[in-house]
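**Q** Take this structure first; my questions come after.
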Amino acid sequence: MNRLQTFLKVAQYGSFKQVAEREFISQRAISKQITQLEVELGVTLFWRGKNKITLTPQGHLFLSSAQDIVNHYVSALTDLQQFNDTQHTLRVGYFSAFEQPLLQQPLFTLLKEVPDLSLTVTEGSNEHLTQSVRNGNLDLALSISYGKSAVETTSELVSQSLFESTMVMGVSTLNPLSQKAELLPEDLTERPILYYSPESSTFLLESFLASMSFLHDYDQIQRVSSAEQMHLLVALNQAFAFYPSGLMADNHQSADGQVRYLPMAGDVSQAYQIVALHNPGNANPMLKRLLAIMSSKKDA
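Residue numbers for the sequence shown follow my numbering, beginning at 2 and rising by one.
Structure representation (structure tokens):
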């Protein structure tokens, strides 16, 4: 980790000497760390000039990855320190921005009850979150049952339903289809159909394919890595997209009025459930309290 941090500082200042002065160590020690990192990676990261150190193409390519690694390390270290400083801890995951209302209010209520709670909230793919709950890295994760179950029937994880509704299709108001009351399967053949997942997810792809069995061109369903990108492409009439009815401020159109949300016609089932996954062997009292709060919110 020290080598990566040194690499980032040299990339920032463009000088072994400046970094050495700031770190109160010798210039030779800085140079040695960079050389060791280059040997470990098998590439040259810097061109050593007489008065200037510059990144090589490989160095530029490695720069963002090194920053991500250091950021993740610092974040994990902070979580560990908070974990040691309090007896009340909770680690929760979710898979898209649409679940925010289902997660935010129960966690807000819990934090009012337990002000010293050390809380970690992570976003990830369904597969990643499920595995993290299974191996104990997360206490609870939100997932979706849509076309297929969130977990296999043989799974040791417990699935608690939090919300039920139907998926709708986002259509740009630039598209004449937006004037229809509902969409037919044949209406969806002219553009890609998008879904949002922060990580590559075969689970969501399989879910959407299972719920849209009339689709035969699997390449038509495409993943985007942010909700903002998905909305942009739909609003500009470049694609259609799946949206979870009931989890949006307005279930008929977007706040900017550029996208309409339309149901599918006929017997095409678009029902979905948002579920909370947890391991029944997890004895964390904060998990049990959060599940109780979530259950009361659903019943209210």
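We put the CB at the ideal spot given by N, CA and C, even for glycine.
The structure presented is a predicted model; accordingly, all values stated were derived computationally and were not measured.
My output table needs one value for M2: the three-state DSSP class, helix, strand or coil.
**A** Numbered from 1 along the sequence shown, position 1 holds the residue referred to as residue 2. Here M2 sits in coil by DSSP.
**Q** The alpha helix (DSSP H) spanning V235 covers which residue range?
**A** Locating residue 235 in the sequence shown gives position 234, where the first residue counts as 1. Counting along the chain, the alpha helix (DSSP H) containing V235 begins and ends at 228-236.
**Q** Let me check one thing: in DSSP terms, what residues is H279 bridge-paired to?
**A** As a working mapping, residue 279 is identified with position 278 in the sequence shown. The partner list for H279 (beta bridge, DSSP) reads V159.
**Q** When the Cα atoms are used, what is the spatial distance from P186 to S150?
**A** The sequence position of residue 186 within the sequence shown is 185, counting from 1. The sequence position of residue 150 within the sequence shown is 149, counting from 1. Using only the alpha carbons, I get a separation of about 23 Å.
**Q** When burial is assigned at 16 or more other CB atoms within 10 Å of the CB, is P107 buried or exposed?
**A** Counting from 1 along the sequence shown, the entry for residue 107 is found at position 106. Result: buried.
**Q** G282: buried (16+ other C-beta within 10 angstroms of its C-beta) or exposed?
**A** For the purposes of this step, residue 282 is identified with residue 281 of the sequence shown, where counting begins at 1. Exposed, since its Cβ has fewer than 16 Cβ neighbours within 10 Å.
**Q** Measure the alpha-carbon distance for S97 versus L112 and round it to whole angstroms.
**A** Position 96 of the sequence shown, counting from 1, holds the residue named residue 97. Position 111 of the sequence shown, counting from 1, holds the residue named residue 112. So the alpha carbons of these two residues sit roughly 22 Å apart.
**Q** State buried or exposed for D1, treating a residue as buried only when at least 16 other CB atoms are found within 10 Å of its CB.
**A** The shown model of the chain, from 2 to 301, leaves out residue 1, and the question about it has no answer.
**Q** Grouping DSSP H, G and I as helix and E and B as strand, with all else coil, what is G43?
**A** Here the question's residue 43 lines up with position 42 in the sequence shown. Correct three-state label for G43: coil.
**Q** Going by alpha carbons, who is nearest to T7 out of T45, W48, G43, V71?
**A** Counting from one through the sequence shown, the residue named residue 7 turns up at place 6. The candidate whose alpha carbon is nearest that of T7 is V71.
**Q** Just mark S255 as buried or exposed, buried being the case when its beta carbon has 16 or more other beta carbons within 10 Å.
**A** Working through the sequence shown from its first residue, we reach residue 255 at position 254. Under this definition S255 is a buried residue.
**Q** When DSSP builds the beta bridges, which residues end up paired with L143?
**A** The sequence position of residue 143 within the sequence shown is 142, counting from 1. According to DSSP, L143 bridges with A277.
**Q** By Cβ distance, which residues of its chain are closer than 6 Å to R192, with the 5 residues on each side in sequence left out?
**A** Numbered from 1 along the sequence shown, position 191 holds the residue referred to as residue 192. The residues are A240, F241.
**Q** In three-state terms, what does DSSP make of S166?
**A** On the sequence shown, position 165 is the one that residue 166 refers to. Of the three classes helix, strand and coil, the one that applies to S166 here is strand, per DSSP.
**Q** Please classify R49: is it buried, with 16 or more other beta-carbons within 10 angstroms of its beta-carbon, or exposed?
**A** Taking the sequence shown and counting its residues from 1, the one referred to as residue 49 is at position 48. Label assigned to R49: exposed.
**Q** My understanding is that T90 touches S66, with C-beta atoms under 8 Å, so please give their C-beta distance in whole angstroms.
**A** Residue mapping note: residue 90 aligns to position 89 of the sequence shown, counting from 1. Residue mapping note: residue 66 aligns to position 65 of the sequence shown, counting from 1. No, T90 and S66 are not in contact; Cβ-Cβ is about 30 Å, not under 8 Å.
**Q** Quick check on P58: does DSSP put it in helix, strand or coil?
**A** Locating residue 58 in the sequence shown gives position 57, where the first residue counts as 1. Residue state, collapsed to three classes: helix.
**Q** Helix, strand or coil for R29, going by three-state DSSP, please let me know.
**A** Here residue 29 refers to the residue found at position 28 of the sequence shown. Three-state result, R29: helix.
**Q** Does DSSP classify A67 as helix, strand or coil?
**A** For the purposes of this step, residue 67 is taken as the residue at position 66 of the sequence shown. In this structure, A67 counts as helix in the three-state DSSP scheme.
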